[in-house]
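Chemist: Residue numbers (the working numbering): 25 to 427. Before anything else, here's the structure in question.
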């Protein structure tokens, strides 16, 4: 693989031990996948922030890199994925002090390396929003699907350590979804089902991910969609499968140029009955839940506003948690949305997500969510049920599922 003089210098240790190690990692990765050269990246999103996910070995690695001159390239916009707790409200969450101490150490290690912004799975809503065809290096599967598909930037599905390596070196190997040939659709999906809300988009994505793994789907028959719908679609496909890029006819930025190619690939369809059946994987079959949770991916400003309107003049019974980014929380605070939600008994959390929080340590056994991604991952350790945002809010207000 060709390296510039500047890249060779980093590899030789001229910028320090950590950058040299991480450049060596990226070179090895590039050679495995046949990359011809490195690309400069303008934007990076780093996962592996929750202590629940990385444990003591991950913490030790981060502290090691921070002590060896690991510093983010100044030209790179870098953000972090959610931690295992709200860094300020962790006591309100019921997080044990032993976990909190380790989680704060993880965050401090990242800060020493020069990255402390974000703590969100929706960095495109928090000042990290690359443009069409920009070369970036993002981890977090739902964010990868969004940035590739809806924004049209170019990234592979990075791991936490390779994304961090790109943040520190400013480079990523030129392979995979950085190449035009790999962005072409490999599956045509005719959508016959009626998609009424973001949860239906999530069901569509979950079904395609389950049945087609790491395909590049081209959706035909989707009439409309916005931020919430495409967050749900991509995050679900990336959970049940490994979809990192999709196209939606007449909507996403690269769909038009691949319309002809989409006619010559494997075809499938999604009917209303197929969509109905996928919901049966996470049935709403109990009366009460330890927590009703919204915010996977993190709540947008519009979603917080909508929930605030639904709970106006009411009071929730039991735990009702909303997760969002610091950026969106700040905007909601200015608009009085935070105060309205708090007044109804809702706990608004930043920095974290239920999927990466130590729910067993908190004592949770059952959770209700409005996201296929959340239900998919939470069901691995507890009982997770699924309902629309509107239904979740109604259940939180009632304190139970009405017969």
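Every residue gets a Cβ at the ideal spot worked out from N, C-alpha and C, and that includes glycine. None of the values given here were measured: they were computed from a predicted structure.
Please list the terminal residues of the continuous alpha helix (DSSP H) segment that includes residue 259.
Modeler: On the chain shown, residue 259 is found 235 positions in, with the first residue counted as 1. First-last of the alpha helix (DSSP H) with residue 259: 251-264.
Chemist: Which residue comes first and which comes last in the beta strand (DSSP E) that contains residue 243?
Modeler: By 1-based counting over the chain shown, the position of residue 243 is 219. Per DSSP, the unbroken beta strand (DSSP E) holding residue 243 starts and ends at 241-244.
Chemist: When burial is assigned at 16 or more other CB atoms within 10 Å of the CB, is residue 157 buried or exposed?
Modeler: Here residue 157 corresponds to residue number 133 of the chain shown, with the count starting at 1. Exposed.
Chemist: So, is residue 374 buried or exposed, given that buried needs 16 or more other C-beta atoms within 10 angstroms?
Modeler: Residue numbering aside, residue 374 sits at position 350 when the chain shown is read from its first letter. It counts as buried.
Chemist: Can we say the region 45-54 touches the region 122-131, given the rule of at least three CB pairs closer than 8 Å?
Modeler: no
Chemist: Give, in chain order, every unbroken run of the beta strand (DSSP E) that is at least 3 residues long and sits entirely within the region 307-383.
Modeler: 315-323, 344-348, 371-374
Chemist: What's the call for residue 199, buried or exposed, on a 16-neighbour Cβ count within 10 Å?
Modeler: Taking the chain shown and counting its residues from 1, one reaches residue 199 at position 175. Label assigned to residue 199: buried.
Chemist: Distance check for residue 77 and residue 178, CA to CA, integer angstroms please.
Modeler: Along the chain shown, read from residue 1 onward, the residue named residue 178 stands at position 154. Along the chain shown, read from residue 1 onward, the residue named residue 77 stands at position 53. Cα to Cα, residue 178 sits roughly 26 Å from residue 77.
Chemist: Taking buried to mean at least 16 other C-beta atoms within 10 Å of its own C-beta, is residue 75 buried or exposed?
Modeler: Here residue 75 is taken as the residue at index 51 of the chain shown, counted from 1. With 16 or more Cβ atoms within 10 Å of its Cβ, residue 75 is classed as buried.
Chemist: Among the residues of its own chain, which have a CB less than 8 Å from the CB of residue 261, if the five just before and after it don't count?
Modeler: Your numbering for residue 261 matches position 237 in the chain shown. Within the same chain, residue 261 has close Cβ partners 169, 229, 230, 232, 233, 241, 267, 270.
Chemist: Distance, Cα to Cα, residue 254 vs residue 139?
Modeler: As a working mapping, residue 254 is identified with position 230 in the chain shown. As a working mapping, residue 139 is identified with position 115 in the chain shown. Approximately 27 Å, taken between the alpha carbons.
Chemist: In the DSSP assignment, the beta strand (DSSP E) including residue 177 goes from what residue to what residue?
Modeler: Locating residue 177 in the chain shown gives position 153, counting from the first residue. Residue 177 -> no beta strand (DSSP E), and no H or E assigned at all.
Chemist: State the Cα-Cα distance for the pair residue 302 and residue 364, rounded to the nearest angstrom.
Modeler: Along the chain shown, one-based indexing puts residue 302 at 278. Along the chain shown, one-based indexing puts residue 364 at 340. Residue 302 and residue 364: Cα-Cα distance of roughly 35 Å.
Chemist: Can at least three beta-carbon pairs, one atom from the region 192-212 and one from the region 394-406, be found at a separation below 8 Å?
Modeler: no
Chemist: Apart from the five residues on each side of it in sequence, which residues of its chain come closer than 8 Å, Cβ to Cβ, to residue 107?
Modeler: Locating residue 107 in the chain shown gives position 83, where the first residue counts as 1. The residues are 73, 74, 75, 127, 130, 131, 143, 375, 376, 380.
Chemist: Work out the CA separation of residue 191 and residue 111 for me, nearest whole Å.
Modeler: Along the chain shown, one-based indexing puts residue 111 at 87. Along the chain shown, one-based indexing puts residue 191 at 167. Their backbone Cα atoms lie some 23 Å apart in a straight line.
Chemist: Considering Cα atoms alone, identify which of 427, 215, 96, 162 is closest to residue 105.
Modeler: Along the chain shown, one-based indexing puts residue 105 at 81. Cα-wise, what sits closest to residue 105 is 162.
Chemist: Please state whether the Cβ-Cβ distance between residue 299 and residue 411 is less than 7 Å.
Modeler: On the chain shown, residue 299 is found 275 positions in, with the first residue counted as 1. On the chain shown, residue 411 is found 387 positions in, with the first residue counted as 1. Result no, Cβ atoms of residue 299 and residue 411 do not sit closer than 7 Å.
Chemist: Taking 7 Å as the cut-off, decide whether the C-beta atoms of residue 196 and residue 63 are in contact.
Modeler: By one-based count along the chain shown, residue 196 stands at place 172. By one-based count along the chain shown, residue 63 stands at place 39. Contact: yes.
Chemist: Output the distance between the C-alpha atoms of residue 330 and residue 356, rounded to the nearest integer angstrom.
Modeler: Start at 1 with the first residue of the chain shown, and residue 330 comes out as number 306. Start at 1 with the first residue of the chain shown, and residue 356 comes out as number 332. Taking the straight line from one Cα to the other gives about 11 Å.
Chemist: Mapping the DSSP letters down to three states, classify residue 62 as helix, strand or coil.
Modeler: Reading the chain shown from its first residue, position 38 is the one you call residue 62. If DSSP states are grouped into helix, strand and coil, residue 62 belongs with the strands.
Chemist: Rounding to the nearest angstrom, what Cα-Cα distance links residue 214 and residue 282 in this structure?
Modeler: Indexing the chain shown from 1 puts residue 214 at position 190. Indexing the chain shown from 1 puts residue 282 at position 258. So the alpha carbons of these two residues sit roughly 15 Å apart.
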